[in-house]
Amino acid sequence: MNNAHGSIRLFSTCGRTAAWLLSAWLCVGAAYGMGISPVLVELGSARRVVSVVVSNPTASPTTFQTQLLSWRQDDGADQYAESEDLIVTPAIAQIAAGSTQVFRVALRGGPPMPLERSYRLIIEDISELSPTQGGSAVSLRFRFSLPVMVAPAAPASALARWSLCPAPAGKGCVRLDNEGNRRLRLSTLSLEGSGGWQQHVKGAAGTVLAGAWKQWTYELLPQHQGVPLRISARGEGGTTLQGDIEPAR
0 MNNAHGSIRL FSTCGRTAAW LLSAWLCVGA AYGMGISPVL VELGSARRVV
50 SVVVSNPTAS PTTFQTQLLS WRQDDGADQY AESEDLIVTP AIAQIAAGST
100 QVFRVALRGG PPMPLERSYR LIIEDISELS PTQGGSAVSL RFRFSLPVMV
150 APAAPASALA RWSLCPAPAG KGCVRLDNEG NRRLRLSTLS LEGSGGWQQH
200 VKGAAGTVLA GAWKQWTYEL LPQHQGVPLR ISARGEGGTT LQGDIEPAR
């Protein structure tokens with residue numbers, strides 16, 4: 000993948016390949032590749048239709064079905080539900096061997112909302128297995144999950160607010176509230192305390208949607224409890240997010 004709006008080609012492995020912009024389960028026994036572009040769909044009043052191109056470089060036709068899910072975050076967790084807020088065409092398409100298919104994602108009518116709206120576009124392989132793929136043969140099913148973002152009415156920007164949160168014994172907890180009207184993307188999150196203490200927070204890579212929050216726990220020794228923290232996070236496009244947290248007195 001070359002950038003957030005670029006293309007990606009998936010090659011055969013036996014396992015799972017995942018990124019924030021695309022998820023696909025791969026488990027095949029021969030060289031195989033499937034391409035999709037772009038891997039992030041952004042819509043707005045100035046861009047009401049976006050084309051998503053799926054390529055099939057294999058020797059067999061592949062049938063894909065589309066589904067649109069609304070994407071929100073409640074209590075720090077991703078929630079998905081079927082949605083008809085956007086128009087996705089075609090709903091089902093067969094891509095011939097060595098060919099491509101264009102799927103179009105379009106806005107319906109209605110004014111922009113105060114916050115960026117977020118969705119996932121699912122493009123799933125529903126091809127029937129050939130007779131030679133039965134029995135103990137390993138089969139392949141692609142499932143692309145693309146983020147679809149609809150711009151808010153006002154100029155879009157994320158706004159990070161950091162705080163501490165309750166944690167079990169031997170752990171610390173840091174929370175990020177996105178008080179802006181645009182998503183906030185993290186790739187890394189690190190903490191630094193007095194005396195040179197540093198902690199890399201595992202599992203922090205991901206997206207905090209507009210108006211939502213997420214929190215992460217980390218290992219915390221007794222001597223590091225109750226000290227001021229400096230937070231440093233790597234954001235979208237290589238930007239650095241920093242903040243200072245004073246412990247409660």
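Residue numbers for the sequence shown follow numbering that gives the first Met the number 0, so the first one is 0 and each next one is one higher.
Ideal Cβ placement from N, Cα and C applies to all residues, glycine included.
- Setting aside the 5 residues that flank it on each side, A80 is surrounded in the same chain by L68, S69, each with a C-beta closer than 7 Å to its C-beta; the list follows chain order.
- Leaving aside the five residues that flank A166 on each side, the residues in its chain whose CB is nearer than 6 Å to its CB run, in chain order, C172, T216.
- DSSP places N55 in the uninterrupted beta strand (DSSP E) bounded by 48-55.
- Residue range 98-106 is occupied by the beta strand (DSSP E) that includes S98.
- One thing to note: I121 has its Cβ within 8 Å of the Cβ of T65.
- For R160, the uninterrupted beta strand (DSSP E) segment begins and ends at 159-163.
- When rounded, the separation of the alpha-carbon atoms in M148 and V38 is 12 Å.
- The C-beta distance from A203 to L185 rounds to 5 Å, short enough to meet the 8 Å contact threshold.
- Counting along the chain, the unbroken beta strand (DSSP E) around K213 starts and ends at 212-218.
- Here T238 is exposed: its Cβ has fewer than 16 other Cβ atoms, across all protein chains shown, within 10 Å.
- A direct Cα-Cα distance of roughly 8 Å separates A150 from L114.
- Just so you know, the alpha carbons of L42 and I35 end up roughly 18 Å apart.
- Annotation for P146: the continuous beta strand (DSSP E) segment containing it runs 142-149.
- Here the alpha carbon of M33 sits roughly 31 Å from the alpha carbon of S44.
- With fewer than 16 other Cβ atoms inside 10 Å of its own Cβ, S59 counts as exposed.
- Ranking S50, G234, A247, F63 by CA distance to the CA of F143 puts F63 first.
- Of the candidates E83, L85, Q100, R229, Q100 places its Cα closest to the Cα of I91.
- Of P146, A153, E83, S82, the smallest CA-CA separation from P110 is found for A153.
- Burial check for I94: the Cβ neighbour count within 10 Å reaches 16 or more, so the residue is buried.
- Under the criterion of beta carbons closer than 8 Å, S193 and I244 do not qualify as touching, at roughly 12 Å.
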